[in-house]
Structure formats: C-alpha cells, structure tokens
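Residue numbers (the working numbering): 36 to 214. Ideal Cβ placement from N, Cα and C applies to all residues, glycine included. Bear in mind that the values here come from a model prediction, so they are computed numbers and not experimental data. One structure below.
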Amino acid sequence: YLGMWSYERNVVARLMSFQSGEEVLFEMEISGDFAVVFIGMGPDNIAGIETALSVKRQNRLTNIVFLVESMQYLKEMLQIYPVQFVFGQITRKKIFEAMDRFWNERRYLQENFFFRFNHRSYMIDLREVLYFSSEGRVVEILLETGRRYRVYTRLDTVEQNLLGSRVYFIRIHQSYLVN
C-alpha cells in the first residue's frame, strides 16, 4: 500500500521491507535515516518497542507508526511518541490515512533538510542548523550540537531548496548561508 500511496500522491519514496528490528537498525547504519518506520506490534512483540526506541535514539526525527493488533503494550508505545497508530487489519484506506497525516504534519510541523552523502541518507531539523558553508562542490552543515555533515552539492542548490521554508537563512557571503 505504501508504494501505491507514493505513486498516487506523486511523492518520491524509497520503500524497504524488513523481517526484524535488527534488519531495520542495520539498514539505518548502512543507508542512513528514514523519515518514517512502520513497526508491526503483535500480541507478544516487545521487540517492536525495543526497535522503536533504538530507531529514535539514532534519529529523533524519524517518525514511528505502530501497526497494532492488541493494546498489550500501549503504555510502552505511547512513551516513544509515535506519530500514530494503525489498529486492526491493515487496509489501503488505513495506510493512506496514516501516510497523509504523516506527510501533512511533517510539512507543517517540521522543517527537515534531506540529503545523501556516501550512499547514506540523512534528515536534519533545519532549526538546529547554524550554517551551511561551501568549499568548491562540498557543502558543510554545522548543527547547534556541534555535529557536522558534508554533502556534494552547490550552495546555490541548497539555497534554492530552502526557499519557502519557515526557517530563514541569509546569504552573508558567497560561501555561507546562516540561520
């Protein structure tokens, strides 16, 4: 259903399916961050909670959608701050509603910057960016936490991608965009 949602909404998405939480976490290590992770929660599936906690530790911006068969671990699931729940049998309508809510919230509540570097995907909150600086075709991103990222692109391209964002950046120099 996710592929159908992506196609019908004209949203470019890289969809992956995993059989275990370990596979999800391994793929995050290799490929980078996910915007949203759907986690199936059967009646005896405490491992889904542990996976969700690990995903959130790796990137707190990753949204969790729990596919819930029972209310057994509801308290634990709520403590993870999932974006939403899908209860009962999984249907096209339920997945489309979940993805539409996620997509609309993400656009209005979070201002994220997505990029790829060394075959890994990253998603960072624009409010945490101190500045973008460029040296040739490499743009460095410095966050409030001191963490630095690099991406192969031009600063002009970054600036164009930030147009319309509610987080404002000012071009103070040919090589700097400052928040």
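Residue burial classification, residue i (beta-carbon count within 10 angstroms, cutoff 16)
i, result
"G83", "buried"
"G67", "buried"
"F61", "exposed"
"G181", "exposed"
Close beta carbons around residue i, own chain, < 8 Å, minus the five adjacent residues each side
i, result
"L50", "L37, G38, S41"
"S183", "According to the sequence displayed, residue 183 carries Arg and not Ser. Same-chain partners within the cutoff: E175, I176, L177."
Own chain, CB closer than 7 Å to residue i, minus 5 neighbours either side, in chain order
i, result
"G75", "G83, L102"
"L20", "Missing from the structure shown is residue 20; the chain here goes from 36 to 214 and no further."
"V193", "F167, V174, L212"
"L88", "I115"
From the options, residue whose alpha carbon lies closest to that of residue i
i, options, result
"E179", "V90, V164, V193, T97", "V164"
"R185", "L198, S169, S105, T192", "S169"
"N45", "D160, D135, I125", "D135"
"V71", "S210, R141, R206", "R141"
"E146", "D160, F137, A133, N139", "D160"
"D191", "G181, R172, R183, Q54", "R172"
"R162", "N94, S200, F137", "S200"
"Y157", "F69, V47, E57, V59", "F69"
"E16", "V90, E85, K91", "With the chain covering only 36 through 214, there is no way to say anything about residue 16."
Cα-Cα separation between residue i and residue j, rounded to whole angstroms
i, j, result
"R155", "I65", "7 Å"
"V174", "F122", "43 Å"
"F120", "L177", "34 Å"
"I99", "Q209", "39 Å"
"S238", "F73", "The displayed coordinates of the chain run from 36 to 214. Any statement about residue 238 would go beyond what the structure contains."
"Q124", "L96", "27 Å"
"R127", "W138", "16 Å"
"A133", "A48", "15 Å"
"Q107", "P117", "16 Å"
"I207", "N214", "10 Å"
"Q54", "L109", "22 Å"
"R189", "Q195", "10 Å"
Cβ distance (whole Å) where residue i is taken to contact residue j below 8 Å
i, j, result
"Y187", "F152", "7 Å"
Cβ-based neighbour list, residue i, same chain, cut-off 6 Å, excluding 5 preceding and 5 following
i, result
"I130", "Y36"
"M63", "Q93"
"G56", "A82, T86"
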